[in-house]
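Visitor:
Protein chains: 2
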Amino acid sequence: MALISPSRRLRRTPFSEGVEAAGVKAYTVYNHMLLPTVFESVEADYHHLKSAVQVWDVAVERQVELRGPDAARLMQMLTPRDLRSMLPGRCFYVPIVDETGGMLNDPVAVKLAEDRWWISIADSDLLFWVKGIANGYRLDVLVDEPDVSPLAVQGPKADDLMARVFGDGVRNIRFFRFGLFEFQGRQLVIARSGYSKQGGFEIYVEDSALGMPLWEALFAAGGDLGVRAGGPNLIERVEGGLLSYGNDMTRENSPLECGLGKYVSDSQLETCFGGRALREERAAGSRQMIRAISIEGDLPGCDRVWPLFAGGACVGQVTSAAWSPDFGANVAIGMVARAHWDAGAVLEVETHEGMRRATVEAAFWI
Amino acid sequence: MALISPSRRLRRTPFSEGVEAAGVKAYTVYNHMLLPTVFESVEADYHHLKSAVQVWDVAVERQVELRGPDAARLMQMLTPRDLRSMLPGRCFYVPIVDETGGMLNDPVAVKLAEDRWWISIADSDLLFWVKGIANGYRLDVLVDEPDVSPLAVQGPKADDLMARVFGDGVRNIRFFRFGLFEFQGRQLVIARSGYSKQGGFEIYVEDSALGMPLWEALFAAGGDLGVRAGGPNLIERVEGGLLSYGNDMTRENSPLECGLGKYVSDSQLETCFGGRALREERAAGSRQMIRAISIEGDLPGCDRVWPLFAGGACVGQVTSAAWSPDFGANVAIGMVARAHWDAGAVLEVETHEGMRRATVEAAFWI
Chain C
107 MALISPSRRL RRTPFSEGVE AAGVKAYTVY NHMLLPTVFE SVEADYHHLK
157 SAVQVWDVAV ERQVELRGPD AARLMQMLTP RDLRSMLPGR CFYVPIVDET
207 GGMLNDPVAV KLAEDRWWIS IADSDLLFWV KGIANGYRLD VLVDEPDVSP
257 LAVQGPKADD LMARVFGDGV RNIRFFRFGL FEFQGRQLVI ARSGYSKQGG
307 FEIYVEDSAL GMPLWEALFA AGGDLGVRAG GPNLIERVEG GLLSYGNDMT
357 RENSPLECGL GKYVSDSQLE TCFGGRALRE ERAAGSRQMI RAISIEGDLP
407 GCDRVWPLFA GGACVGQVTS AAWSPDFGAN VAIGMVARAH WDAGAVLEVE
457 THEGMRRATV EAAFWI
Chain B
107 MALISPSRRL RRTPFSEGVE AAGVKAYTVY NHMLLPTVFE SVEADYHHLK
157 SAVQVWDVAV ERQVELRGPD AARLMQMLTP RDLRSMLPGR CFYVPIVDET
207 GGMLNDPVAV KLAEDRWWIS IADSDLLFWV KGIANGYRLD VLVDEPDVSP
257 LAVQGPKADD LMARVFGDGV RNIRFFRFGL FEFQGRQLVI ARSGYSKQGG
307 FEIYVEDSAL GMPLWEALFA AGGDLGVRAG GPNLIERVEG GLLSYGNDMT
357 RENSPLECGL GKYVSDSQLE TCFGGRALRE ERAAGSRQMI RAISIEGDLP
407 GCDRVWPLFA GGACVGQVTS AAWSPDFGAN VAIGMVARAH WDAGAVLEVE
457 THEGMRRATV EAAFWI
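Chains as they are written, first to last, in this note's numbering: chain C, 107 to 472; chain B, 107 to 472.
1. Mind pulling the alpha helix (DSSP H) runs of 4 or more residues that sit fully within the region 256-307 of chain C?
2. What does a CB cutoff of less than 8 Å around B:Val276 pick up in its chain, not counting 5 residues either side in sequence?
3. Entirely within the region 173-248 of chain B and at least 4 residues each: give me those alpha helix (DSSP H) ranges in chain order.
4. B:Ile401 touches chain C at which residues, Cβ-Cβ below 9 Å?
5. Against C:Glu205, what residues of chain B qualify as contacts under a CB-to-CB distance less than 8 Å, listed in chain order?
6. Mind checking if B:Tyr319 is an interface residue toward chain C, Cβ cutoff 8 Å exclusive?
7. Check whether the Cβ of C:Asn359 lies closer than 8 Å to any Cβ atom in chain B.
8. Are the beta-carbon atoms of B:Phe121 and B:Trp321 separated by less than 8 Å?
9. By the criterion of Cβ-Cβ separation under 8 Å, what are the contact partners of B:Thr425 in chain C?
10. Runs of 3 residues minimum, wholly inside the region 108-164 of chain C: which ones carry the beta strand (DSSP E) assignment?
11. Have a look at B:Arg397, B:Leu362 and B:Ile396 and flag the residue whose alpha-carbon is nearest the alpha-carbon of B:Gly381.
12. Given that a residue counts as buried once 16 or more other Cβ atoms are within 10 Å of its Cβ, and exposed if not, what is B:Met441?
13. Roughly how far, in whole angstroms, is the beta-carbon of C:Ala74 from the beta-carbon of C:Pro213, given that I think they are within contact range, below 8 Å?
14. Looking at the structure shown, is C:Asp432 part of a helix, part of a strand, or coil, going by DSSP?
15. Between which two residues does the alpha helix (DSSP H) holding C:Phe327 run?
16. Would C:Lys131 pass as an interface residue toward chain B - the criterion being a Cβ-Cβ separation below 8 Å?
17. Buried or exposed: B:Phe234, going by 16 or more other Cβ atoms within 10 Å of its Cβ?
18. Taking a cut of 7 Å between CB atoms, which residues from the region 392-418 of chain C lie near chain B?
19. For C:Asn479, go through chain B and note every residue whose CB falls closer than 9 Å to its CB, in chain order.
20. Mind listing which residues of the region 123-154 of chain C have their C-beta closer than 7 Å to chain B's C-betas, in chain order?
21. Check whether the region 354-369 of chain C touches the region 193-205 of chain C, taking contact to mean three or more Cβ pairs, one atom from each stretch, closer than 8 Å.
22. Checking 8 Å against the spacing of the C-beta atoms, do B:Arg343 and B:His154 come in under that value?
23. Taking only beta carbons into account, state which residues of the region 162-174 of chain B come closer than 9 Å to chain C, listed in chain order.
24. Given a cut-off of 8 Å, decide if B:Met183 and B:Cys378 are closer than it, judged by their beta-carbon atoms.
25. Output needed for C:Arg476: all residues of its chain with C-beta closer than 8 Å, excluding positions within five of it in sequence on either side, in chain order.
26. Pull up the distance between the alpha-carbon of C:Ile110 and that of B:Gln374, whole angstroms please.
27. Between B:Ala150 and B:Asp274, what straight-line distance do the alpha-carbon atoms span, to the nearest angstrom?
28. Looking at the secondary structure, which residues open and close the alpha helix (DSSP H) in which B:Ile396 lies?
29. Taking the alpha-carbon of B:Arg117 as reference, which of C:Thr356, C:Glu386, C:Arg115 and C:Val166 has the nearest alpha-carbon?
30. Which partner residues of B:Gln169 appear in the DSSP bridge assignment?
31. In terms of residues, what are the limits of the alpha helix (DSSP H) holding C:Ser344?
32. So, helix, strand or coil for B:Glu454, using DSSP?
33. Give a yes or no on whether 8 Å exceeds the smallest Cβ distance from C:Ser350 to chain A.
34. Against C:Leu180, what residues of chain B qualify as contacts under a CB-to-CB distance less than 9 Å, listed in chain order?
35. Taking one C-beta from the region 380-396 of chain C and one from the region 438-452 of chain C each time, how about it: are there three or more such pairs within less than 8 Å?
36. I need the DSSP call for B:Asp330, collapsed to helix, strand or coil.
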């Protein structure tokens, strides 16, 4: 691994002081901001995440705020997912698609009120697209990045830790719902969500000044629960099939290829961006699809696209891979062409350290 | 400095193989791509840049391509700079401004033809804004990121090295103009431009497959010129007052504050995005402005905003700083409020390792 040059452009977060004190070893850069990725080691962090509770600095999940009379109209314009059933207090995973049907981001929309939304984004400047659309259509809506920095609490003991800080009411938050809970006299949005399969919460910390007090309160309350600092874990997310925008999908991919068809509503395809392309793809069938893939042998880190081959022809690519201690296998995520995407298909993957045998799996590992 | 976690999302470039072989020590992340920043050391690289010639992997300067009947119209909509005098073969530095007058990017526009432009971008997904505007205004133009990766050749011996590879014709390229030159049977756009004050060229490598052959040709031709791999150098760019988007300016800043008033044309302010805000700011005078600042004492790396104080009140901020061996001073870039921006004003700057004395300079150091 190489070093990262420090600069203001790679933004620190309201929790950086805590992250550094916890001994962060590596970062990635995400939405022009530092995202801590390793504390003890990727594997040690993984075991801990699955057995205890971690606090994650995911301030990189920046918010695009929509506020004003046209906020709901704009939100619906942005995604092929039908939002008519969405009430305030709900979070919806929403593919955002351009005019060609390509993915621009795969955020979570948070409906605060009919006229106020947050879009909690993956790694692209979705703000620029949303502002461009709002300007082009002359919508009556303000679009901006507010001072909101999510802090995630993830792991099997997340409910216990959160209850100690916010009260037992947090236990009643249902999946992808949120409530308002008090911290130091301020009301914070807390959702049951997060980028792991271990369960937990995301706290939308509205006001950077609350960042370190909240970080410290969580660690002070969770000593006996074994709370540690952590971050999105490569092994755990690949086991669980959690896609990563920029890794497993890009603007080159449609949401249907990404296995997100259930978030593409037929009712929206007449009006949403890329609707025609998505209708045609749905009618004809996708030519490739996201799949769980296992790989044999020793693997280098997957820092680039690894082509998949069948009989010498390229039939897809692997974009994330890791050794899974719990499943005793190299787990991976890739796109596979239709003729080869059935479970059990045996392929070859060309890593940058040589060819390996790969198998299409029926499902992800969790 | 911390380590950077590898992933496909932090894209490699067509030159990564050469960069690694040259012993890269650190990167930054820029436009979701790896930008090499250090080879020997920041200071050794700086001395070499100023005395010899370097080849820089600046593939991170991604292009937004506009192609079609409305390309020129769209390009003019995007910037307050009047482009009517711009002929094909020219490069223009163009502030890109949103509806509030805030900077979205500060790219170089490359006019290939009336109906075909490249926008060579700084670190933000300008593609998303441009696509949003093109869609919102239903313009007849294709907007995409083509397979074009700039490679810069910078330093006092840049002309000699380039002439050996492309012929003496490159010596006649004027500043911010470009010509087409052949390499391995392909015509490449070569501009006299680059992110240093040492002179040189940017080669727009159209087709990733040409990347390593061109890299190797430059090194093979330049052994006796002392050619080395390099990258944008913090010390040299601060000495020269080369602003960095995301460091020295963000969406919070107008182009007038950034000292880019000469690229804001009165004739465009009736129609460009943010025109009203820019007219009002121009009439009233900017409340703060980019300034060269010298700082006394030992400095940590400037990885965050350092507030500037006068008499206990915050009057600005420093966003880039480095020790300059050639000028024997800590050179810095910051924004300073009007009452304190005159040359000679003495301020205090709050680094994350304590207060230092700072002085507003009359000009940058080169």
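Heads up, the beta-carbon is just placed ideally off N, CA and C, and yes, glycines get one too.
The model shown is predicted, which means the values in this text are computed figures rather than measured ones.
Guide: In this structure, then:
1. 264-272
2. Asp265, Met268, Ala269, Gly285, Phe287, Ile296 and Phe307
3. 177-184 and 232-242
4. Near B:Ile401 there are no residues of chain C at all, since even the closest Cβ is about 15 Å away, more than 9 Å.
5. Lys237 and Asn241
6. One detail in the question is off: residue 319 of chain B reads as Pro in this sequence, not Tyr. Judged by the 8 Å Cβ criterion, B:Pro319 is not in contact with chain C.
7. no
8. yes
9. Arg114
10. 132-136, 139-144 and 160-163
11. B:Leu362
12. buried
13. The first residue shown for chain C is 107 and the last is 472, placing residue 74 of chain C beyond what the model contains.
14. coil
15. The sequence given here has Ala at residue 327 of chain C, not Phe. Run containing C:Ala327: Gly317 to Ala327, per the alpha helix (DSSP H) assignment.
16. yes
17. buried
18. Gly407, Cys408, Asp409, Arg410 and Val411
19. In the structure as shown, chain C starts at 107 and stops at 472, and residue 479 of chain C therefore has no counterpart that could be examined.
20. Val130, Lys131, Ala132, Tyr133, Thr134, Val135, His138, Thr143 and Val144
21. yes
22. no
23. none
24. yes
25. Residue 476 of chain C falls outside the range modelled here, since chain C spans only 107 to 472, and no answer is possible.
26. 40 Å
27. 30 Å
28. Run containing B:Ile396: none in the alpha helix (DSSP H); it sits in the beta strand (DSSP E), Gln394 to Ile401.
29. C:Thr356
30. B:Ser226
31. In the sequence as displayed, the identity of residue 344 of chain C is Val instead of Ser. Segment Leu340 to Glu345, the alpha helix (DSSP H) holding C:Val344.
32. strand
33. Among the chains of the structure shown, chain A does not appear; the protein chains present are C and B.
34. Within chain B, no residue comes near C:Leu180; the closest Cβ sits about 11 Å away, beyond 9 Å.
35. yes
36. helix
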